[in-house]
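Notes follow the structure.
There are 2 protein chains.
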Amino acid sequence: MNVVNVINEINSQTEQGITEVYLVACGGSLVDMYPAKYFLESEAKKVVTGLYTANEFVHATPKRLNQDSLVIVCSHGGNTAESVNAAKVAKEHSAHTIGLTHNKDAALNEHSDYVFLYEWGEDSDVKNNPMAIILQLVVEVLNATEGYSDYEAFQSGIEKINGIIKKGEQQVADRTKEFAEKYKDEELFYVLSSGASYGHAYGFAICSLMEMQWLNAASIHSGEYFHGPFEVTDKETPFILLMNEGRTRALDERAKTFLLEYGEKVEIVDAKELGINTIADEVVEFFNPILFYSIMCVYRAALAEVRNHPLETRRYMGKVSY
Amino acid sequence: MNVVNVINEINSQTEQGITEVYLVACGGSLVDMYPAKYFLESEAKKVVTGLYTANEFVHATPKRLNQDSLVIVCSHGGNTAESVNAAKVAKEHSAHTIGLTHNKDAALNEHSDYVFLYEWGEDSDVKNNPMAIILQLVVEVLNATEGYSDYEAFQSGIEKINGIIKKGEQQVADRTKEFAEKYKDEELFYVLSSGASYGHAYGFAICSLMEMQWLNAASIHSGEYFHGPFEVTDKETPFILLMNEGRTRALDERAKTFLLEYGEKVEIVDAKELGINTIADEVVEFFNPILFYSIMCVYRAALAEVRNHPLETRRYMGKVSY
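Protein chains in written order, with full-length UniProt numbering: chain R, 1 to 322; chain P, 1 to 322.
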């Protein structure tokens, strides 16, 4: 599947071009969609976007959904009932659907006009992973419908990001072991970020810490931190701050200053220090979460190792009925 | 200020009607905007909406912002720097601005084309509090621009909700004391909800628990709970579930079933049991969060009392520079 061809084909089947893009999934797959939501909300003058956890899209389907809408649904295993239903609902409203999954026999595929069977695992180039594919899809939507002046810079970023990540992973290898040793007995973490990466702060909290490590966790938007959450800051409470490069860096820097003054257990993961700046200024902010996902996988692996709690361990997911 | 007149006046000053509504604030004021975001995303076929923490709106201003946009900014004290700046940015982009505040001398007012000096406190009718005013404003926008078929049912709900709340507050008085006694030594709470009330689950976590009680807390969308977060469920971890009436109730019911099976410290606050059903089915879901806000104020007051931690106590907010 080629993102350019798919979007051009869908766009040509609409009356006046794609008018809205719905991003619908659950948990980790929803996290992968957040950068695309942020991108369209920031850059589009016409195309509308909406990000939905799948079951809310099914039960409270937006009235705007129509035959010129594009609904992108992502499910790693491809059989998540709510996500499959969401794609079905989209088709019942005559919308165009794109499914992303790692399973060629997924039930999701039955309701997807186009299926991206994406690559997964450490050997894959991140541009072929769902987060980057979804971002590329919405970039194509914007470019096809109203034009995107930074299109070339974005494409150049897509070619660069995997190399930046490979270097970054080596750069953090030792410090993730120190992190794991230092925090191995903690029971709760707050994860802060902003801009395109806020979704990944949420993702690291709910997937990496809650689901995979059974640790308490919560994401906090760096901008919201000062309007309530910061009152829990003390020398005992661990905070992880994902610092973006780009327009919202000022928000993360403000959180950093406060955390270093009043907190003590503060882990800073800085996209700028990790070399993301070789991507052009106009588009760099959209690539932060792609970098953070891979880098934070190194952190969580180190934590899992020292805690002797393998990342695959579940007590409920796929084990009991719910 | 009259919501109908204000919106009609603004709408008449636009070229083709208000094309988008941006809801911009910080912390508790942002929470008050969530039902309006949910309403427009659900009901509108043309009008676009965006919800922003103020500093992100300032630093990553959406390119869509234009002279036909309406930007609603809310700040209780009216001088929150990020919110004042957001209104200023909106005016620099020639957008229309409405400010909501409890302070007649607020800096926010300088950048607001219209100012709602809202009522506050236990004696006020909730329809005159910011959450309901903002919801009424966007209902008027929808009605003025593309028509809203359930407009009358919505207005009837606005007239009823305060009475429902007054009864509900009495109904929960004893159980909030039991709640406070049972949970007084807990250090962490998860707060679940869905639909229009998700914002209030977030609000109860960040304002009532983190800010006002220095307790660890996180909101979880009832639909997302099963895709990661539920792995932390056990007999020791407290969960508060705000059960909506309306289309997303199924999501909350699913969470309830699981929590009662695998958890033990589970507090359920059910809008249906609290009598919200006297509001018409087509619109009842939008009123859940207005009910929950007032009801959860009784819960937090009981908790503050038994924990001997007054709701006004702060260590950073308004006390140190940040």
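Heads up, the beta-carbon is just placed ideally off N, CA and C, and yes, glycines get one too.
Any chain P beta carbon closer than 8 angstroms to residue i
i	result
TRP214 (chain R)	yes
ASP206 (chain R)	Reading the sequence as shown, one finds Ile at residue 206 (chain R) and not Asp. It does; some Cβ of chain P falls within 8 angstroms.
ARG307 (chain R)	no
PRO62 (chain R)	yes
TYR293 (chain R)	no
GLY17 (chain R)	no
GLY28 (chain R)	yes
LYS37 (chain R)	no
LYS167 (chain R)	no
is_contact[residue i, chain R] using C-beta, thresh 8 angstroms
i	result
TYR316 (chain P)	yes
LEU23 (chain P)	no
MET210 (chain P)	yes
HIS59 (chain P)	yes
ALA280 (chain P)	no
SER42 (chain P)	yes
ASN55 (chain P)	yes
TYR322 (chain P)	yes
GLY50 (chain P)	yes
LYS265 (chain P)	no
LYS45 (chain P)	yes
Exposed unless 16 or more other CB atoms sit within 10 angstroms - verdict on residue i
i	result
ASP123 (chain R)	exposed
SER42 (chain R)	buried
ALA218 (chain R)	buried
residue 324 (chain R)	Nothing in the structure corresponds to residue 324 (chain R), since chain R is present only between 1 and 322.
ASP174 (chain P)	exposed
GLN16 (chain P)	exposed
LEU260 (chain P)	exposed
SER294 (chain R)	buried
GLY157 (chain R)	buried
SER321 (chain P)	exposed
VAL4 (chain P)	exposed
PRO310 (chain R)	exposed
ARG247 (chain P)	buried
SER193 (chain P)	buried
HIS68 (chain R)	A small fix is needed here, since residue 68 (chain R) is Asp in this sequence, not His. Buried is the call here.
ASP185 (chain R)	exposed
SER149 (chain R)	exposed
MET296 (chain R)	buried
SER94 (chain P)	exposed
Beta bridge counterpart(s) of residue i as assigned by DSSP
i	result
GLY50 (chain P)	P:TYR22
LEU70 (chain P)	P:VAL21 and P:HIS96
Residue i CB to nearest heavy atom of the ligand FMN below 7 angstroms
i	result
GLU146 (chain R)	Of the ligands one can find in the structure shown there are none, so the ligand FMN has no counterpart to examine.
The region 230-260 of chain P: which residues have C-beta closer than 9 angstroms to a C-beta of chain R, in chain order?
PHE230, GLU231, VAL232, THR233, ASP234, THR237, GLY246, ARG247, THR248, ARG249, ALA250, LEU251, ARG254, THR257 and PHE258
Ranges of the beta strand (DSSP E) found wholly within the region 97-142 of chain R, counting only runs of at least 3:
114-117
Ordered list of beta strand (DSSP E) runs contained in the region 236-293 of chain P, each at least 3 residues
239-243 and 266-270
Could you run through the region 219-230 of chain P and flag, in chain order, every residue whose CB is less than 7 angstroms away from some CB of chain R?
If the cut-off is 7 angstroms between Cβ atoms, the region 219-230 of chain P has HIS221, GLY223, GLU224, PHE226, HIS227, GLY228, PRO229 and PHE230 near chain R.
I'd like the ranges of any alpha helix (DSSP H) spanning at least 4 consecutive residues and lying wholly in the region 156-229 of chain P.
198-203
Along the region 178-198 of chain P, where does the CB come closer than 7 angstroms to a CB of chain R? Name the residues.
LEU188, SER194 and GLY195
Under 8 angstroms (Cβ pairs) to chain R, residues found in the region 89-110 of chain P:
none
Listed from N- to C-terminal order along the chain, which residues in the region 122-141 of chain P have their beta-carbon within a distance smaller than 8 angstroms of any beta-carbon of chain R?
Hits within the stretch: zero.
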